[in-house]
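All remarks here apply to the structure that follows.
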């Protein structure tokens, strides 16, 4: 079975660890966009919902406190949770922050059944996080079960009941853009079961590939596999500044120093970097963090500087500390071929990472899409255009 | 329908087809590139970028957009160079310039 442990509003909970007094007051995660993030139970009770516009939220609850995002602290807290789960014997596959999957097959005999294993997982996470667990034959159904479960509860869905279980659940559970979801609701489709009842071809035609995928998930056809993560590398280099810095030249020099130090670490041996993270502690609290999966593993300072350089421009304000982490390393200098070809989301993710990498090294306009404009034309250069990709 | 502005308005000089507004967001695929061609008396290429032509596989004309201010009049040659490489070149009948082109 696939199990999912879920901690709703994880980023807000992580940010509130530094200010525990706010946990019982109406508070919300400050928005990166005009919409607010997760909210506390007290805020929810006063009518403030995640995804509300900030003005609307403040009008609904004038005493609402906005909590600064702290992605670095959230990442650290999440890593601690994953390690506790791994110590308890679970081979974790981390989704977004606050959502982790694992296969129960290997641990059922250890703990005396799937339910006992999930209870052990909840205990490993810790009751302070209000985790909930779900298990089912497929990944999406496990996520849905965890969403439905109450804090500290385990909900197991039998294979033959998966469709029946999914049917009454809201469309919000499906990985669909808000616009697509609204389109479905306007068509009178209000829950997962109603979507599953539609013909697949019509869904594809109306909503495109995303809609088709949501339809497959709604019918319990989920090909997502659970793969245990690689052990984290634990190579970290940090630079603390005596005063706040914000100019790009200084940041680039600081990055160059961090890159040199990281690649000079003896623990790296002859291994290459596969995934790195750059994070900053901002002036006045809060933090910033970006992860980067390298298209091709390498251990060259110049390439790493080129790959990470554009990220510096995204730091939202002056900072006091800059940190570079090696998150994943290759096993050796050799290239590892894949035994099972990636597909679906995994393949799309790899493609997106590859395109990001090309854009980072070649600059804007480095990645283009071919758009056919007049394929019938007798003049070859009139048939298609190369258009720079924004995403 | 998606509308995209195209860069390279000057290509009209040799392509004779591009009068679209200019933008840095898009470029044409398979744009013609100037090439050095030594023609025979009958106008068929004898050398392309100083490399002898072994065979002229095909020849055709494209006359298009004659109703516009940038008409296209091209004489295309599909040639095989010594060494086996294939190339498609054309002579712009308006400017008498030679260009190579992919995607033909």
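Residue numbers (the working numbering), protein chains in the order written: chain L, 120 to 510; chain B, -14 to 89.
Note that beta-carbon positions come from the ideal geometry of N, C-alpha and C, so glycine has one too.
Need the endpoints of the alpha helix (DSSP H) that residue i sits in, please.
i: residue 281/L; result: 281 to 285
i: residue 244/L; result: 233 to 244
i: residue 491/L; result: Residue 491/L -> not in any alpha helix (DSSP H); beta strand (DSSP E) instead, spanning 487 to 491.
i: residue 265/L; result: 258 to 267
i: residue 200/L; result: 190 to 206
i: residue 379/L; result: 367 to 382
i: residue 341/L; result: Taken as a continuous stretch (DSSP letters only), residue 341/L belongs to no alpha helix (DSSP H), as it is neither H nor E.
i: residue 429/L; result: 420 to 431
i: residue 479/L; result: 463 to 481
i: residue 229/L; result: 227 to 230
i: residue 385/L; result: Where residue 385/L is concerned, there is no enclosing alpha helix (DSSP H), given that its DSSP letter is neither H nor E.
i: residue 129/L; result: 129 to 135
With respect to 6 Å, is the separation between the Cβ of residue i and the closest non-hydrogen atom of the ligand ZN below this value?
i: residue 310/L; result: Inclusion of the ligand ZN in the displayed structure is not the case, the ligand content being empty and no account of it being possible.
Got a sec, what are the start and stop residues for the beta strand (DSSP E) residue i sits in?
i: residue 71/B; result: 71 to 77
i: residue 407/L; result: 406 to 417
i: residue 400/L; result: 392 to 401
i: residue 85/B; result: 83 to 85
i: residue 222/L; result: 218 to 222
i: residue 43/B; result: 36 to 49
i: residue 63/B; result: 57 to 66
i: residue 142/L; result: Per DSSP, residue 142/L belongs to no beta strand (DSSP E) and is neither H nor E.
i: residue 22/B; result: 22 to 24
i: residue 126/L; result: From DSSP, residue 126/L is part of no beta strand (DSSP E); its letter is neither H nor E.
i: residue 434/L; result: No beta strand (DSSP E) contains residue 434/L, which DSSP labels as neither H nor E.
i: residue 356/L; result: 354 to 364
i: residue 30/B; result: 30 to 33
i: residue 214/L; result: Here residue 214/L belongs to no beta strand (DSSP E), and DSSP marks it neither H nor E.
i: residue 348/L; result: Residue 348/L -> no beta strand (DSSP E), and no H or E assigned at all.
i: residue 507/L; result: 503 to 507
i: residue 275/L; result: 273 to 275
i: residue 255/L; result: 251 to 255
i: residue 13/B; result: 11 to 13
If residue i and residue j are in contact, beta carbons under 8 Å, what's the gap, nearest whole angstrom?
i: residue 148/L; j: residue 157/L; result: 5 Å
i: residue 272/L; j: residue 251/L; result: 6 Å
i: residue 11/B; j: residue 505/L; result: 7 Å
i: residue 190/L; j: residue 407/L; result: 7 Å
i: residue 289/L; j: residue 310/L; result: 6 Å
i: residue 127/L; j: residue 231/L; result: About 28 Å; that fails the 8 Å criterion.
i: residue 86/B; j: residue 73/B; result: 6 Å
i: residue 242/L; j: residue 226/L; result: Going by Cβ atoms, the distance from residue 242/L to residue 226/L rounds to 13 Å, so no, they are not a contact pair.
i: residue 474/L; j: residue 489/L; result: About 14 Å; that fails the 8 Å criterion.
i: residue 180/L; j: residue 162/L; result: 6 Å
i: residue 418/L; j: residue 374/L; result: Contact doesn't hold; Cβ gap of about 16 Å is too wide.
i: residue 90/L; j: residue 24/B; result: Because chain L is modelled from 120 through 510, residue 90/L falls outside the range shown and cannot be assessed.
i: residue 391/L; j: residue 416/L; result: 4 Å
i: residue 286/L; j: residue 265/L; result: Going by Cβ atoms, the distance from residue 286/L to residue 265/L rounds to 17 Å, so no, they are not a contact pair.
i: residue 268/L; j: residue 284/L; result: Not a contact, Cβ separation roughly 12 Å.
i: residue 50/B; j: residue 78/B; result: Contact doesn't hold; Cβ gap of about 13 Å is too wide.
Practice task
For the segment 38 to 55 of chain B, enumerate the residues whose C-beta is nearer than 7 Å to any C-beta of chain L, in chain order.
Solution key: 47 and 49
Practice task
Could you name the residues of the segment 8 to 31 of chain B whose beta carbon sits closer than 7 Å to any beta carbon of chain L, in the order they occur along the chain?
Solution key: 10, 11, 12, 13, 14, 15, 16 and 17
Problem - Within 8 Å of chain B by C-beta, residues of the segment 466 to 486 of chain L in sequence order - result: Only those residues of the segment 466 to 486 of chain L whose C-beta falls short of 8 Å from the nearest C-beta of chain B are listed: 484.
Practice task
Specify whether the segment 133 to 153 of chain L and the segment 186 to 195 of chain L touch according to this definition: at least 3 beta carbon pairs, one from each stretch, less than 8 Å apart.
Solution key: yes
Practice task
Specify whether the segment 26 to 40 of chain B and the segment 60 to 78 of chain B touch according to this definition: at least 3 beta carbon pairs, one from each stretch, less than 8 Å apart.
Solution key: Under the 8 Å Cβ criterion, the segment 26 to 40 of chain B counts as touching the segment 60 to 78 of chain B, having at least three qualifying pairs.
Practice task
Take every Cβ of the segment 411 to 428 of chain L, pair it with every Cβ of the segment 481 to 495 of chain L, and state whether three or more of those distances are shorter than 8 Å.
Solution key: No: fewer than three Cβ pairs fall under 8 Å.
Handout entry: Contact the segment 312 to 331 of chain L vs the segment 391 to 402 of chain L: 3+ CB pairs below 8 Å
Key = no
Handout entry: Touching by the beta-carbon criterion (3+ pairs, under 8 Å), the segment 383 to 399 of chain L and the segment 435 to 449 of chain L
Key = yes
Handout entry: the segment 432 to 439 of chain L / the segment 378 to 388 of chain L touching (three or more Cβ pairs under 8 Å)
Key = no
Handout entry: Continuous alpha helix (DSSP H) assignments of at least 4 residues falling wholly in the segment 290 to 337 of chain L
Key = 297 to 305, 311 to 315 and 319 to 337
Exercise for the section: Evaluate the contact criterion for the segment 322 to 331 of chain L versus the segment 292 to 308 of chain L: three or more CB pairs, one atom per stretch, below 8 Å. Expected result: Contact holds: three or more Cβ-Cβ distances are below 8 Å.
Practice task
Would you be able to state if there are at least three C-beta pairs under 8 Å between the segment 338 to 352 of chain L and the segment 207 to 217 of chain L?
Solution key: Contact annotation: the segment 207 to 217 of chain L touches the segment 338 to 352 of chain L, with at least three C-beta pairs closer than 8 Å.
Problem - Against chain L: residues of the segment 58 to 89 of chain B by CB proximity under 7 Å - result: 86, 88 and 89
Practice task
Flag this pair as touching only if the segment 218 to 238 of chain L and the segment 154 to 170 of chain L have three or more C-beta atom pairs under 8 Å; answer yes or no.
Solution key: no
Practice task
Would you check if there are 3 or more beta carbon pairs closer than 8 Å linking the segment 357 to 377 of chain L to the segment 459 to 471 of chain L?
Solution key: no
Exercise for the section: Mind listing, in chain order, the continuous beta strand (DSSP E) runs of no fewer than 3 residues lying wholly within the segment 154 to 194 of chain L? Expected result: 184 to 186
Problem - Interface positions of the segment 132 to 155 of chain L facing chain B (Cβ-Cβ less than 8 Å), listed along the chain - result: Within the segment 132 to 155 of chain L, no residue has a Cβ that lies closer than 8 Å to any Cβ of chain B.
Handout entry: Within 9 Å of chain B by C-beta, residues of the segment 494 to 506 of chain L in sequence order
Key = 496, 497, 498, 499, 500, 501, 502, 503, 504, 505 and 506
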